[in-house]
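According to numbering that gives the first Met the number 0, the sequence shown holds residues 0 to 286 in order. Every residue, glycine too, gets a C-beta built ideally from N, C-alpha and C. One structure is given here, and the rest of the page talks about it.
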Amino acid sequence: MTFETEFYAGRRNMPLAVFIHGMGMNAKVWSNPHDARILGGKYPLRVLLGGIDEMRTSFMDLRDIGFSVLSWKQRRPAGPMNTAVAELKDLIYEYRNHIRDGIILVGHSRGGLIARKYLEERNEFIRGFITIATPHHGTTMAKWAAHISPIASLLNQLLGEPHKKDIRSVLKRILGFLSSEGLKELLPDAKFYSGLKDVKHQGVRYISIGGTSPDILKINSIPMSDFIIKAIPERLIPEELREGYGDGLVSASSSVLPYADMHYDFHVNHVRILFDRQVRECIINAF
């Protein structure tokens, strides 16, 4: 199987770090985020990052200290989980000659679950596993589709005629994302979670990282979470959208890997967490 990959060979005595992107993303989010696009390729990733000064990731950090680093573009980034798991298995086999001092798996969002499913089968080369903003206990975001219409109506009232076309376009793409089969697999009561059979393996270091700032998308400097909070009854507002409790897509409590050796929370949103200096330093220091 041929993959669209991002790969750099490191020093012979260093591990291979395999980076797994989340839904709606691709390999460039790790290796070249300036060129990464979201919402069907319509917008640059930077729209989710606010005034960030440095778009640098752990992929770049580990590459620069001598790790071999590898990521790939999932063929169906919003498709069934098992499809991506099979790709990860084939990818690691394809790059087996670069495994000289073990493998570190790093997964963002759904990417962490792809790695968990992969690790149900013991791989003797795995020495570390890091999940970043991964919904280990599910996310309620797939239920948002029913609330898109009132949100669209509210945005039209607040932003006025000049912005309506762009807002409708954004919301249409968000609706497609929220209605995807891949996201439905991430609901807390989805079969994927009840079917997980992964266990903690001896000799592997497990770390999970979560975010607590829900301001993932802003329109005219107004956080999208503010619009949603105004459109949804307070009793229905999920932890994912509550300041201090979620990163806009995943709650901090859900981001905790059940058998993690260490867990860390940072006040960043679901995408900014990839570029935050403290998060990156945490990953570098883990190994």
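### Task
Determine, using beta carbons only, whether ILE206 and TYR263 come nearer to each other than 9 Å.
yes
### Message
When you compare the CB positions of VAL278 and PHE265, do they come within less than 9 Å of one another, or not?
### Response
yes
### Query
Looking at SER254 and THR133, is the spacing between their C-beta atoms short of 9 Å?
For the pair THR133 and SER254, the CB atoms are nearer than the 9 Å cut-off.
#### Entry: Coarse secondary structure for MET13, derived from DSSP in three states
coil
### Query
Which of the three DSSP states, helix, strand or coil, is assigned to LEU112?
DSSP, read as helix, strand or coil, puts LEU112 in helix.
### Task
Express the C-alpha separation of VAL28 and ASP197 in angstroms, rounding to a whole number.
Looking at the two C-alpha atoms, the distance is approximately 27 Å.
### Query
CA-CA distance, GLU86 and GLN73?
7 Å
### Query
Between GLY23, GLU184, GLU123, which lies nearest to ARG75 when the distance is taken from Cα to Cα?
GLY23
### Task
Look at the alpha carbon of ALA77 and the alpha carbon of LEU273, and state the distance between them as a whole number of angstroms.
19 Å
### Message
Buried or exposed for TYR94, going by 16 or more other Cβ atoms inside 10 Å?
### Response
The residue in question, TYR94, is buried, as its Cβ has 16 or more Cβ neighbours within 10 Å.
### Query
Which residues in the same chain have their Cβ closer than 7 Å to the Cβ of LEU157, if we skip the five residues on either side of it in sequence?
In this predicted model, LEU157 has a pLDDT of only 46, less than 50, meaning its place in the structure is not dependable enough to derive any value.
### Query
First and last residue of the beta strand (DSSP E) that includes TYR92?
Annotation: TYR92 is outside any beta strand (DSSP E); the continuous alpha helix (DSSP H) that includes it extends over 80-93.
### Task
Over the uninterrupted alpha helix (DSSP H) stretch that includes ILE283, give me the two end residues.
It spans 276-285 - the alpha helix (DSSP H) in which ILE283 sits, taken as one unbroken run.
### Message
Quick check: is any heavy atom of the ligand ZN less than 8 Å from the C-beta of SER252?
### Response
Of the ligands one can find in the structure shown there are none, so the ligand ZN has no counterpart to examine.
### Query
When DSSP labels each residue in this structure, what does SER250 get in the three-state scheme?
Strand.
### Message
Alpha carbons only, please: which of MET80, GLU53, ASP60, ARG62 is nearest the one belonging to ALA189?
### Response
MET80
### Query
According to the neighbour-count rule (16 or more other Cβ atoms, all chains shown, within 10 Å of its Cβ), is PRO32 buried or exposed?
buried
### Task
May I ask you to report which of helix, strand or coil DSSP gives THR4?
In the structure shown, THR4 sits in a strand (DSSP, three-state: E or B).
### Task
Please report the residue range of the beta strand (DSSP E) in which ARG126 lies.
125-131
### Task
Check ILE208 in the structure and name its three-state DSSP category.
strand
### Query
Excluding sequence positions up to five away, which residues of its chain have a Cβ less than 7 Å from the Cβ of GLU119?
LYS196, ASP197
#### Entry: Rounded separation between LYS199 and TYR258 - CA only
6 Å
### Message
How far does the alpha helix (DSSP H) with MET59 in it extend, from its first residue to its last?
### Response
57-63
### Query
If you check the beta carbons only, do LEU104 and PHE128 fall under 9 Å apart?
yes
### Query
If you check the beta carbons only, do THR130 and LEU256 fall under 9 Å apart?
yes
### Task
Would you mind stating whether SER30 and PHE58 have Cβ atoms separated by less than 9 Å?
A distance below 9 Å separates the beta carbons of SER30 and PHE58.
### Query
Start and end of the beta strand (DSSP E) containing VAL68?
First-last of the beta strand (DSSP E) with VAL68: 67-71.
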